[in-house]
Each structure stands twice: as C-alpha cells, then as structure tokens.
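Working notes, structure below.
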C-alpha cells in the first residue's frame, strides 16, 4: 500500500526571494515512517520537473523554506512525502507571490 498525499495547508511567510510553507502529513504512511518531504515549485506558467526545482526537508518537519526566488513573481508549490515504500502523490498546488524587492537606501555621513 502506498502513501496518501500530504495536504499543503498554507503559505506561512512571503519575502522578496523566499517563501515559507507548511503542510500536514499524509493520513496513511503505509506503516513506514516518513523519511523526508520534497517541496516542488515552479513559476506561473512553467512545468513541473522531477528534480530541477526541489527542496528536501526531514520527515519530522511540517514546514519548509524555498529560497532563491525572484521578487514580485507568482510561484506554485506542492509537497510530496517519501518513505522506504516510495513517494506519495503531490499535494494540490498552492500559489504564492513573492514580495517586491526592498529599495537600497544610501546614507552619507558628513564630516564637519
């Protein structure tokens, strides 16, 4: 018997170049402990890749941070659980918008 899918619950935090996500574990793990979760992501309109855009976290975590994203861009995320039996089906994707990049502020100190 295989794993059931994890439920992607929400985007916890959005920054200009990272997104923090949370999920709930599968209801059934095939009587085998979850070893890790794989967060897959793609930009809006892109295709899902098996290994190109993945972040892996331990099986005891229920949150993960995807870094290296572009500011002011929409991404889709989904999560899969893995154990010694195999990999679950992906969760339903959630959409998130990264924040606008902060503006650089230069300060000049004047000497008298």
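Residue numbers (the UniProt record's numbering): 1 to 112.
Here a beta-carbon is modelled for each residue, glycine too, at the ideal position from N, C-alpha and C.
Note that the structure is predicted; figures quoted are calculated from it, not measured.
Exercise. Assign residue 74 to buried or exposed, taking buried as 16 or more other Cβ atoms, counted over all protein chains shown, within 10 Å of its Cβ.
Key: exposed
Quiz item: Between which two residues does the beta strand (DSSP E) containing residue 22 stretch?
Solution: Residues 18-24.
Practice problem: Given a cut-off of 7 angstroms, decide if residue 11 and residue 96 are closer than it, judged by their beta-carbon atoms. | Solution: yes
Quiz prompt | Beta-bridge pairing of residue 56 - partner residues as DSSP gives them | solution = 38
Self-check item: Extent of the continuous beta strand (DSSP E) to which residue 63 belongs
Solution: 63-67
Practice problem: Output the distance between the C-alpha atoms of residue 58 and residue 102, rounded to the nearest integer angstrom. | Solution: 32 angstroms
Quiz item: Which stretch, first to last residue, makes up the beta strand (DSSP E) that contains residue 84?
Solution: It is not in any beta strand (DSSP E) - residue 84 carries neither H nor E in the DSSP assignment.
Quiz prompt | Contacts around residue 99, its chain only, beta-carbon distance under 8 angstroms, and the 5 residues preceding and following it disregarded | solution = Closer than 8 angstroms at Cβ, skipping near neighbours: 14, 15, 16, 71, 72.
Quiz item: Can the beta-carbon of residue 41 be found less than 7 angstroms from the beta-carbon of residue 79?
Solution: no
Practice problem: State the DSSP-derived secondary structure class of residue 96, mapped to helix, strand or coil. | Solution: strand
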